[in-house]
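Trainee: One structure follows; several queries about it will come next.
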């Protein structure tokens, strides 16, 4: 359980390192972008695993459970 909390906390603090959303926290990436990435295939890396986790959170409507845990966008939740 503790390991999963660590992975989630690390993912919530991670920012996108490249592209149009460079510098944006992964939690703040638009769902359509994550869906596109899912279709293309996530990178085989730590970032890819973090993007896959954010994809699952968003498509399953679980962002509300993360309220105040990472978003830079105050109006997000």
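In this note's numbering, the protein residues as written are 547 to 623.
Quick reminder that beta carbons are idealized off the backbone N, C-alpha and C, glycines included.
1) Return the Cβ separation of residue 573 and residue 608 in integer angstroms, given the expectation that the two are a contact with Cβ distance under 8 angstroms.
2) Short check: CB of residue 600 to CB of residue 580, under 8 angstroms?
3) Report yes if the CB atom of residue 554 is closer than 8 angstroms to the CB atom of residue 567, and no otherwise.
4) Roughly how many angstroms separate the alpha carbons of residue 547 and residue 564, rounded to a whole number?
5) My guess is that residue 657 and residue 569 are in contact by the Cβ rule of under 8 angstroms, so how many angstroms apart are they, rounded?
Mentor: Per the coordinate set shown:
1) Not quite, the Cβ-Cβ distance comes to about 11 angstroms (not below 8 angstroms), so this is no contact.
2) In this structure, residue 600 sits near residue 580, with a CB-CB distance shorter than 8 angstroms.
3) Result no, Cβ atoms of residue 554 and residue 567 do not sit closer than 8 angstroms.
4) When rounded, the distance between both Cα atoms is 31 angstroms.
5) Nothing about residue 657 can be reported from this structure: the residues present for the chain run from 547 to 623 only.
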